[in-house]
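There are 4 protein chains.
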Amino acid sequence: MARNKGEESKKKIFQAAAELFAHKGFHATKISDIVAKAGLTQAAFYLYFNSKEEIFEQMLEDFEKQLIHFSDAGKKVADIQPEQVKDHVRETIADILKFLGKNPHLTKVALRENKDDRLRSIIVEKIAANMSNNQRLGIVKTEIDTQFAGEAFLSVIEHIIERYVMTGEKTENELADQVSLLFLEGILNKN
Amino acid sequence: MARNKGEESKKKIFQAAAELFAHKGFHATKISDIVAKAGLTQAAFYLYFNSKEEIFEQMLEDFEKQLIHFSDAGKKVADIQPEQVKDHVRETIADILKFLGKNPHLTKVALRENKDDRLRSIIVEKIAANMSNNQRLGIVKTEIDTQFAGEAFLSVIEHIIERYVMTGEKTENELADQVSLLFLEGILNKN
Amino acid sequence: MARNKGEESKKKIFQAAAELFAHKGFHATKISDIVAKAGLTQAAFYLYFNSKEEIFEQMLEDFEKQLIHFSDAGKKVADIQPEQVKDHVRETIADILKFLGKNPHLTKVALRENKDDRLRSIIVEKIAANMSNNQRLGIVKTEIDTQFAGEAFLSVIEHIIERYVMTGEKTENELADQVSLLFLEGILNKN
Amino acid sequence: MARNKGEESKKKIFQAAAELFAHKGFHATKISDIVAKAGLTQAAFYLYFNSKEEIFEQMLEDFEKQLIHFSDAGKKVADIQPEQVKDHVRETIADILKFLGKNPHLTKVALRENKDDRLRSIIVEKIAANMSNNQRLGIVKTEIDTQFAGEAFLSVIEHIIERYVMTGEKTENELADQVSLLFLEGILNKN
DNA sequence: GATGAATGAGCCTTCATTCAT
DNA sequence: TATGAATGAAGGCTCATTCAT
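Going line by line, the protein sequences match chains A, B, C and D. Once you know that position 68 of the first sequence is 68 in UniProt numbering, the rest is easy, because the numbers rise by one and skip nothing. Once you know that position 45 of the second sequence is 45 in UniProt numbering, the rest is easy, because the numbers rise by one and skip nothing. Once you know that position 88 of the third sequence is 88 in UniProt numbering, the rest is easy, because the numbers rise by one and skip nothing. Once you know that position 158 of the fourth sequence is 158 in UniProt numbering, the rest is easy, because the numbers rise by one and skip nothing.
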């Protein structure tokens with residue numbers, strides 16, 4: 001089954017590059033690192049990518065594609081009962097964590113090493129829009145600056161992926177519990 | 001006034017390096033960039049620093065020193081009345097933002113480009129300890145994982161510095177309001 | 001008709017290489033260029049030639065063979081009447097142009113990209129010898145340095161091939177007229 | 001007098017490059033060859049030139065500047081007596097040879113390695129214009145295609161520079177004699 | 001007879017670093 | 001205190017060449 005051997009080599013390189021970019025950043029990652037990790041030579045790299053820059057761009061595009069696919073898949077929101085809000089949010093957060101955690105390297109690259117923050121903005125926008133909608137429905141406090149809250153949320157998610165998901169220290173569900181607890185109700189005891 | 005002209009040159013270089021490291025990261029920043037921004041030559045750089053690595057380390061040390069000084073200064077916490085908790089927290093957050101925002105570049109470098117996350121851990125530890133204490137006092141919910149919450153908090157602060165303080169888009173007080181609102185009470189309406 | 005399919009592929013490669021060597025020179029021509037033009041793969045190249053160097057050498061040998069064949073064919077010179085000299089020369093020049101123009105790429109490669117100028121020398125020698133003979137017969141001025149004139153002549157021919165024959169701008173006969181006019185009688189009006 | 005040491009290094013590199021480009025062509029010449037010949041390291045090359053391409057372009061510009069300066073200097077043509085025509089032409093050719101022979105490497109590079117033949121065209125144009133003028137004055141035969149003759153002339157000059165001037169085998173004056181003899185009166189004996 | 005895949009060697013270029021002045 | 005000039009070491013990229021299929 002030595003079919004499309006080339007395609008496999010390309011994937012190996014892509015994967016190796018993603019991990020290295022995530023760990024060391026774009027500049028600190030050498031082509032020689034990438035191909036060594038992929039078990040190939042430097043020349044092989046240029047069989048599949050035209051430059052270091054290009055593989056990086058492809059990585060972002062790849063992430064964006066998956067992202068759009070994911071958020072489209074989430075459209076089944078439907079209307080939910082007030083008392084189910086918390087559970088629903090918790091599940092949504094878990095879904096997001098699972099999605100991003102599936103390709104933690106790609107996620108980190110996309111959110112950190114990205115010059116114009118385009119991908120970041122896309123995600124924040126979606127979250128903020130969703131929150132605003134819930135404000136209109138009386139679910140979310142009107143004092144909340146949804147744009148701001150969206151950014152805060154994404155920062156937390158981003159950090160979590162790196163700190164807990166990539167290390168395997170906590171499961172997505174545990175994390176979703178804590179995140180939803182934090183963001184939905186805050187740390188203070190109700191008096 | 002040829003008074004410590006050298007000291008000034010060193011500061012210029014240090015400042016330029018901090019900004020560039022913050023904007024482009026350690027690897028993408030070239031000595032030539034730094035000295036160009038400082039209005040000096042490359043050779044001058046080595047009059048004050050032994051290597052690119054060294055100036056970076058000094059930057060972290062510098063940050064750590066200030067950090068310790070700051071947290072020592074905060075020891076006046078004393079005991080506060082329950083009804084003042086929120087205001088007190090809000091003020092503390094504003095203080096933190098003001099402190100970190102004073103050297104946003106340094107902050108970004110210290111928190112992001114830092115290999116072992118030592119500085120990050122120090123801060124998180126302090127926050128978590130404080131929160132745990134407040135759990136014992138019945139102020140903070142016991143379900144909260146304080147370590148986790150501390151990390152989340154720092155991630156948000158870090159992002160805010162970069163996103164709002166460095167751009168001058170919002171003041172530290174405005175930000176402190178939103179952050180405390182978010183973390184203390186969450187986004188949900190009390191029903 | 002799978003008759004000597006290999007032979008045809010070899011020819012395609014050879015032809016492509018000749019054109020590219022002529023246009024861009026040996027070094028600037030890549031094996032990948034050659035096979036792309038020939039509609040084959042790089043590996044196929046090595047089915048027919050052992051190296052880039054080798055195909056180049058074969059090109060020169062090829063040219064030399066044809067050259068010798070051509071000059072042997074011209075041996076029928078015989079003795080001609082003085083009044084026919086000009087016409088005879090003009091025809092000879094036209095013949096040379098036609099011969100070299102048949103494979104302009106090969107010609108250019110052979111005359112330009114050739115390290116030791118061997119082929120060039122061969123041609124110049126023949127021309128010079130012929131001219132010297134005509135000096136003895138009183139047809140050509142004795143002040144003429146035949147070696148020098150031969151070289152000048154070949155330079156002109158070489159340039160003409162590239163400039164007019166390869167572009168199809170003038171016919172060999174037109175060119176032969178101008179060349180013989182120039183070399184036989186010069187540009188000055190007889191006073 | 002270690003004044004402008006850099007300027008001197010730049011010149012050394014430029015000169016070395018000119019010789020190598022002339023001998024081996026642009027592609028076959030390596031930066032390492034150039035700097036080795038100049039007694040410097042590769043990094044030094046990039047202190048003075050941004051790329052291999054750039055030094056090549058500068059070489060062409062350099063040649064063009066000198067060329068324009070030269071042809072401007074030749075404007076003193078004035079009107080000459082018919083019987084002086086030959087001598088005048090001979091001198092002019094000698095001047096051209098001396099000029100081009102002063103920088104034979106630059107000349108070869110400019111005329112051979114030049115993609116669009118711009119410099120070549122400039123020279124040919126000048127020669128052709130001059131010849132056309134002499135046609136109107138009745139000095140040059142009207143059957144002569146001056147454009148064509150100009151190209152032929154330049155090809156010969158170019159070859160001579162390489163073959164005789166660069167090797168020092170003949171002087172510019174000797175060569176001017178032969179060239180003018182050839183082009184003005186042709187090789188045939190007047191009968 | 002032909003190809004897809006891969007490679008070794010080498011070239012162009014960059015950059016942190018040094019040193020004589 | 002500062003600089004102009006230079007360099008060693010490495011990194012990105014290319015290209016002729018090989019080989020299993």
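Heads up, the beta-carbon is just placed ideally off N, CA and C, and yes, glycines get one too.
Exercise. What do you get for Gly138/D, buried or exposed, if any count of 16 or more other CB atoms within 10 angstroms of its CB means buried?
Worked result: So Gly138/D counts as exposed.
Exercise. Residues of chain D with a CB under 7 Å from the CB of His27/C: which are they?
Worked result: Gly25, His27 and Ala28
For this session: Count the other C-beta atoms from every protein chain shown that fall within 10 angstroms of the C-beta of Ser180/A, then say buried if there are 16 or more, exposed otherwise.
Result: buried
Exercise. Chain B beta carbons: is any one of them nearer than 7 Å to that of Ala152/A?
Worked result: Closer than 7 Å: yes.
For this session: With 9 Å as the limit, tell me which residues of the region 33 to 46 of chain B have their beta carbon closer than that to any beta carbon of chain A; keep them in chain order.
Result: The region 33 to 46 of chain B vs chain A, Cβ under 9 Å: nothing.
For this session: Give the straight-line distance between the Cα atoms of Met1/D and Glu8/D, rounded to the nearest whole angstrom.
Result: Only weak support exists for where Met1/D lies, its pLDDT of 43 falling under 50; the coordinates are left without a value.
Exercise. With a CB to CB cut of under 7 Å and the five nearest residues on each side skipped, what residues in its chain are close to Phe153/D?
Worked result: Ile127 and Phe183
For this session: Taking only the alpha-carbon atoms, compute the straight-line gap between Arg163/A and Ile34/D and give it to the nearest angstrom.
Result: Here the alpha carbon of Arg163/A sits roughly 52 Å from the alpha carbon of Ile34/D.
Problem set entry | Beta-carbon proximity list for Val85/A, same chain, < 7 Å, skipping 5 on both sides | For Val85/A, where only same-chain residues beyond five positions count, the Cβ hits under 7 Å are Ile139.
Exercise. What residue range is occupied by the uninterrupted alpha helix (DSSP H) comprising Arg118/C?
Worked result: Arg118 to Arg136
For this session: For Glu151/C, count neighbouring Cβ atoms within 10 angstroms of its own Cβ and tell me buried if that reaches 16, exposed if not.
Result: buried
Exercise. On the three-state DSSP scale, how would you describe residue 276/C?
Worked result: Residue 276/C lies beyond the residue range present for chain C, which begins at 1 and ends at 191; the question has no answer from this structure.
Exercise. Buried or exposed: Lys102/A, going by 16 or more other Cβ atoms within 10 Å of its Cβ?
Worked result: exposed
Exercise. For the candidate residues Lys108/B, Phe45/B and Asp177/B, whose alpha-carbon lies nearest to that of Phe63/B?
Worked result: Lys108/B
Problem set entry | Test item: CB-CB of Ala36/D and His105/D under 7 Å | no
Exercise. Is Leu175/A closer than 7 Å to Ile160/A when the C-beta atoms are compared?
Worked result: yes
Exercise. Are the Cβ atoms of Phe26/A and Glu143/A separated by less than 7 Å?
Worked result: no
For this session: Taking Glu172/C and Leu97/C to be in contact with their CB atoms under 8 Å, please state how far apart those CB atoms are, rounded to whole angstroms.
Result: 4 Å
Exercise. Which chain C residues sit within Cβ distance under 7 Å of Phe148/D?
Worked result: Gln178
Problem set entry | Endpoints, alpha helix (DSSP H) assigned at Glu57/A | For Glu57/A, the uninterrupted alpha helix (DSSP H) segment begins and ends at Lys52 to Ala73.
For this session: Please name the residue, chosen from Glu19/B, Leu67/B and Gly39/B, that lies closest to Ile55/B on a Cα-to-Cα basis.
Result: Glu19/B
Problem set entry | Nearest residue (CA-CA) to Thr92/A, options Met131/A, Glu57/A, Ala110/A and Leu119/A | Met131/A
Exercise. Using a beta-carbon distance cut-off of less than 8 Å, what residues from the region 135 to 146 of chain B approach chain A?
Worked result: For the region 135 to 146 of chain B, the set of residues with a beta-carbon nearer than 8 Å to any beta-carbon of chain A comprises Gly138, Ile139, Val140, Lys141, Glu143, Ile144 and Asp145, in chain order.
Exercise. Can you list the residues of chain B that Gly6/A reaches, using a CB-CB cut of under 7 Å?
Worked result: Residues of chain B passing the Cβ test: none, with the nearest at roughly 31 Å.
For this session: State yes or no: is the beta carbon of Asn189/D nearer than 7 Å to at least one beta carbon in chain C?
Result: For Asn189/D, the answer is yes, since a Cβ of chain C falls inside 7 Å of its Cβ.
Exercise. What separation, rounded to the nearest whole angstrom, lies between the Cα atoms of Lys65/C and Ser51/A?
Worked result: 46 Å
Problem set entry | For Arg90/A and Asn134/A, the rounded distance between their alpha carbons | Spanning the two alpha carbons is a distance of roughly 15 Å.
Problem set entry | C-beta neighbour in chain C for Ser121/D, strict 7 Å | no
For this session: Grab me the residues of Ile31/A's own chain with a C-beta within less than 8 Å of its C-beta, minus the 5 sequence neighbours each way, in chain order.
Result: Gln42, Phe45 and Lys52
Problem set entry | Cross-chain neighbours of Arg163/B in chain A, by beta carbon under 7 Å | The answer, in chain order, is Glu151.
Problem set entry | Within chain C, partners of Val109/D - CB distance below 9 Å | Going along chain C, no residue has its Cβ under 9 Å from Val109/D, so there is no contact; the nearest lies around 13 Å.
For this session: State buried or exposed for Ile80/B, treating a residue as buried only when at least 16 other CB atoms are found within 10 Å of its CB.
Result: Ile80/B is exposed by the Cβ-count criterion.
Problem set entry | Chain-order list of residues whose beta-carbon lies under 7 Å from that of Asp177/C (same chain, five-residue window excluded) | Arg90
Problem set entry | Spatial distance of Ala16/C from Met166/D (CA atoms) | 34 Å
Problem set entry | Delimiting residues of the alpha helix (DSSP H) encompassing Thr92/B | Val85 to Lys102
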